[in-house]
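Heads up, the thing below is written out as structure tokens.
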Amino acid sequence: MRLPWAEVDLSGAVDVEARAAELASEDRLRPFDLGRPPLLRLSLLRLVSAATALC
18 MRLPWAEVDL
28 SGAVDVEARA
38 AELASEDRLR
48 PFDLGRPPLL
58 RLSLLRLVSA
68 ATALC
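Position one of the sequence shown corresponds to residue 18 (the numbering used here), numbered consecutively onward.
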């Protein structure tokens, strides 16, 4: 099974934490199709050039 994921580079954002929180809020609003797996979405956020966070 393939897992849906997105890679987002926030290293150039003025307020990285605020932008990451905004993306998380937007993601929470996207519905899942409960009849189709997987019931999982992943985002890899590049916070600075050498650090990442998996959400």
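The beta-carbon is built from N, C-alpha and C at its ideal position, and this holds for glycine as well.
Which two residues bound the contiguous beta strand (DSSP E) that contains residue i?
| i | result |
| --- | --- |
| residue 60 | 59 to 65 |
Residue i: which of the options sits nearest, CA to CA?
| i | options | result |
| --- | --- | --- |
| residue 58 | 34, 30, 26 and 40 | 40 |
| residue 43 | 60, 54, 56 and 31 | 60 |
**Study point:** Whole beta strand (DSSP E) elements within the region 18 to 54, 3-residue minimum
**Key:** 22 to 26
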